[in-house]
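Notes for the one structure printed next.
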Amino acid sequence: MPMLRGIFLLTVVKNILAHTYLMYNHLFFFKYSSIINYLEYMENFSFSVIANGSNGIENYFFIAGFLITYVRWRNLSTKNNQPAKMSLFNLLVKPYVRMTLMQLLIIAIFLLLPLIGYGPFWGDFVGPYLKNCKERWWINLFYIQNYWDSENSCLYHTWLLAAVMQLYVIAVLVLWFLIKRPNIAMIIIIALIVCGMALVGSIVFVHKFPGALTMYLLDGISGPKMWNTLFIKTFDHIGPFSIGLVTGYLVAKHKKSLNFGTVATTVLWCTAIASLLAVFFGLYEYRHGDMKMDSSLSILYAMLNRNVYGLFLAWFTIACVTGKAGFIPDMLSWRALIPAYRLCFLAYLLHLVIIYYHIGILRERVYLSHEENIINYFGYLVSSFILSYACYIFFQVPYMCLESLILKRTVTGDISDNENSDFEKEGNTTFSDGNNCSITAKSIKRHMQTISINGIKEKHILSNIPCRQEKF
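Numbering (my numbering), first residue to last: 56 to 527.
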């Protein structure tokens, strides 16, 4: 699905923007001479995209769930109309190894920052993060950092990878039933969504949390508590992930039956857009802080908002696949975005390291303004992708070559040239000359050209490394 490249890339770009304005650290605001301008920002209706933008993280979970089912059913090998066996190695081991190695690389880079970083704010702001990585880096190997307080974990934004990896394990059970008993699998998926909603509702009720992790309703105490108790936990995101599983299955196996007339398409688009606006802008009236959300409304909003957004993503994806989204799929599938997409996973991991470094070396407090933040944002964005490119060339490409050598298979890439096509054209991307695997300037150049021309195969989008032909 080429259009998912654009969604994933835009989500990473938006994450960097959000972390430019807000970060999980109370010392983050000490870099400003005054934070009174935040009150003015909240008066702007458009600022809700950032102030109440935590739902944007669900893009990752939806895409991860979608690709697990879509890629496997699209490439399904059959014999007498029966699917082949499921490969746990391809489902769990490969994503684990790839994401773990990239995490270790970023942690190593972060631990080297003291060699070039210093300043009056360094010890107080960056020091605790460095200490956490020195003492608790091993937590990231077990993917349990989302069940660890973020202030005591190494690179707290890696909670996303932990949650996705845990959902991969759950997906194994769902996939097995989708192969053997599709009806039971759908019941399990519905049960997962309902259980996730019940856990979210009960936690919000017990701790008296607001309905969402939004700047409108949080303070210095409830914000970190809600982050650690609810937001980074797997069950808070199992709904969009499960919706992604179902959507991928339907698109891959029953695309021909996904036909909508003009009236149905119009109604679905209006409903989807209304739901999207309600999720992102529904809390705008609480921006002054003088209105307290009723407990029952908080519980209802917390239980539904992420799943409603997941349903929007499901319709948006189906509309793109069935040609009901106009020019949007072409924009998201633009081939010029492919190189940036290939780097965006590393950029996501690296951008917080760059922000830490910049804040740590500040000599004076800065004035809080949109202009200042936008300038910093583009600095963070460009620096993240430049550093990601270096890591990609010197670490990720050699790893892919080594993996190909170990598994004795070549890396295969494919891309869709037609938005209405079920299958994407397949091509070969090899990193070896003859029987040897040599990483030379020429081979790297050839590989980078292949990225731009042939694209990639979106199997494990969060691992950001092209996957091979997989079979059940």
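Glycine residues also receive a C-beta, built at the ideal position from the N, C-alpha and C atoms.
Best match in the options for proximity to residue i [C-alpha to C-alpha]
{"i": "Leu147", "options": "Ile234, Leu216, Phe367 and Trp193", "result": "Leu216"}
{"i": "Gly303", "options": "Val126, Gly108, Val68 and Arg60", "result": "Val126"}
{"i": "Asn195", "options": "Leu210, Val181 and Pro183", "result": "Leu210"}
{"i": "Met220", "options": "Tyr444, Tyr151 and Asn362", "result": "Tyr151"}
{"i": "Val259", "options": "Ala357, Val334, Phe165 and Val376", "result": "Ala357"}
{"i": "Leu405", "options": "Trp282, Leu460, Leu436 and Cys325", "result": "Leu436"}
{"i": "Thr155", "options": "Trp214, Ile171 and Ile441", "result": "Trp214"}
{"i": "Leu222", "options": "His309, Ile287 and Ile234", "result": "Ile287"}
{"i": "Val334", "options": "Ser103, Met157, His212 and Leu122", "result": "Ser103"}
{"i": "Glu419", "options": "Val68, Val318 and Trp177", "result": "Trp177"}
{"i": "Glu426", "options": "Val452, Tyr76 and Leu59", "result": "Tyr76"}
{"i": "Gly256", "options": "Pro237, Lys311, Ser351 and Phe197", "result": "Ser351"}
{"i": "Thr377", "options": "Ser312, Pro183, Gly365 and Ile354", "result": "Ser312"}
{"i": "Ile234", "options": "Ile441, Ser142 and Ala267", "result": "Ser142"}
{"i": "Asn238", "options": "Val301, Asn201 and Cys250", "result": "Val301"}
{"i": "Leu230", "options": "Phe121, Leu392 and Leu387", "result": "Phe121"}
{"i": "Glu95", "options": "Ser424, Ser438, Ser443 and Cys446", "result": "Ser424"}
{"i": "Ser353", "options": "Tyr422, Ala267, Ser101 and Gly365", "result": "Ala267"}
{"i": "Thr317", "options": "Phe165, Trp193 and Ala380", "result": "Ala380"}
{"i": "Ser443", "options": "Leu401, Leu460 and Leu457", "result": "Leu401"}
{"i": "Ala319", "options": "Leu359, Ala374 and Ile225", "result": "Ala374"}
{"i": "His292", "options": "Tyr364, Phe336 and Leu355", "result": "Tyr364"}
{"i": "Val421", "options": "Gly61, Ser88, Thr66 and Val67", "result": "Ser88"}
{"i": "Ile161", "options": "Leu392, Asn201 and His212", "result": "His212"}
{"i": "Pro453", "options": "Met157, Thr284 and Ala218", "result": "Met157"}
{"i": "Ser109", "options": "Phe336, Phe440 and Cys446", "result": "Phe336"}
{"i": "Ile164", "options": "Ala445, Thr124, His74 and Phe197", "result": "Ala445"}
{"i": "Ile171", "options": "Pro265, Ile383 and Ile416", "result": "Ile416"}
{"i": "Ile112", "options": "Leu82, Asn145, Asn360 and Leu457", "result": "Asn360"}
{"i": "Leu366", "options": "Ile248, Leu355, Glu458 and Lys263", "result": "Ile248"}
{"i": "His81", "options": "Thr124, Leu159, Asp179 and Arg153", "result": "Asp179"}
{"i": "Trp193", "options": "Ile461, Ile225 and Leu159", "result": "Leu159"}
{"i": "Ser459", "options": "Arg153, Ile441, Phe382 and Leu167", "result": "Arg153"}
Which of helix, strand or coil DSSP assigns to residue i
{"i": "Val421", "result": "strand"}
{"i": "Tyr79", "result": "coil"}
{"i": "Asp488", "result": "For Asp488, the predicted structure reports a pLDDT of 33, less than 50, and the residue's modelled location is therefore unreliable. A value from the coordinates is still provided. DSSP places Asp488 in strand when its eight states are reduced to three."}
{"i": "Leu65", "result": "helix"}
{"i": "Leu305", "result": "helix"}
{"i": "Leu59", "result": "helix"}
{"i": "Asn70", "result": "helix"}
{"i": "Phe382", "result": "coil"}
Beta-carbon proximity of residue i to residue j, cut-off 8 Å
{"i": "Ser208", "j": "Arg191", "result": "yes"}
{"i": "Pro169", "j": "Leu185", "result": "yes"}
{"i": "Thr269", "j": "Asn70", "result": "no"}
{"i": "Lys86", "j": "Ile414", "result": "yes"}
{"i": "Phe84", "j": "Ile91", "result": "no"}
{"i": "Tyr341", "j": "Met348", "result": "yes"}
{"i": "Ala395", "j": "Leu64", "result": "yes"}
{"i": "Met455", "j": "Asn362", "result": "no"}
{"i": "Lys308", "j": "Trp128", "result": "yes"}
{"i": "Tyr79", "j": "Trp282", "result": "yes"}
{"i": "Leu398", "j": "Arg60", "result": "no"}
{"i": "Thr284", "j": "Asn201", "result": "no"}
{"i": "Met58", "j": "Leu387", "result": "yes"}
{"i": "Val67", "j": "Tyr403", "result": "yes"}
{"i": "Ala226", "j": "Ile123", "result": "yes"}
Min CB distance residue i to chain E below 8 Å
{"i": "Leu94", "result": "The structure shown contains no chain E; it holds only a single protein chain."}
Query raised in the report: On the three-pair Cβ rule with 8 Å, is the segment 290-297 touching the segment 98-118?
Result: yes
Query raised in the report: What are the uninterrupted segments assigned as alpha helix (DSSP H) that are 4 or more residues long and contained completely in the segment 141-198, given in chain order?
Result: 149-166, 177-180, 182-191 and 194-197
Query raised in the report: Are three or more beta carbon pairs between the segment 241-248 and the segment 317-335 nearer than 8 Å?
Result: no
Requested in this report: Please determine if the segment 428-443 and the segment 397-414 are in contact, where contact requires at least 3 C-beta pairs separated by less than 8 Å.
Outcome: yes
Report task. Count the C-beta pairs between the segment 363-381 and the segment 315-326 that are closer than 8 Å, then say yes if the count reaches three, no if not. Result -> yes
Report task. Only counting runs of 3 or more residues, tell me where the beta strand (DSSP E) segments fall wholly within the segment 314-379, in order along the chain. Result -> none
Requested in this report: Mind listing, in chain order, the continuous alpha helix (DSSP H) runs of no fewer than 4 residues lying wholly within the segment 213-282?
Outcome: 214-235, 237-262 and 277-281
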